[in-house]
Amino acid sequence: MTDKELFEQFHMDVYRTCYYMLKNQHDAEDVCQEVFIKIFQQDYQTIANLKPWMLNIAMNTCRNFLRKHNLKREIE
């Protein structure tokens with residue numbers, strides 16, 4: 000599977016997960032893009048169950064995004 004095929008097959012699942020967690024379209028799009036960058040840097044060809052693996056990366060990236068932005072709000 001090429002990077003393009005992987006993106007086309009799973010981008011809506013990743014985006015929906017990000018949107019559900021972040022409740023903001025623009026943030027979800029940004030984090031979704033970040034998730035796919037992380038995925039493409041990995042050797043995803045060796046992963047047996049791609050979708051759960053990818054959604055786990057998406058959820059962790061969203062959690063990190065929320066932590067980072069909550070910290071910024073507290074400082075301001």
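If you read the sequence shown in numbering that gives the first Met the number 0, its first letter stands for residue 0, the second for the next number, and so on. From the three backbone atoms N, C-alpha and C, an ideal C-beta is built for every residue, glycine too.
Rounding to the nearest angstrom, what Cα-Cα distance links C17 and F35 in this structure? 12 Å
If I measure Cβ to Cβ from F39 and keep anything under 6 Å in the same chain, skipping five residues before and after, which residues do I get? D2
Below 8 Å on the Cβ atoms is my contact criterion, and I expect F9 with K50 to pass it. Report the Cβ-Cβ distance as a whole number of Å. 6 Å
The alpha helix (DSSP H) that contains K22, what's its start and end? For K22, no alpha helix (DSSP H) encloses it, and the DSSP letter there is neither H nor E.
Who are the near neighbours of E33 in its chain, counting only those whose CB is closer than 7 Å to its CB and skipping five residues on each side? T60
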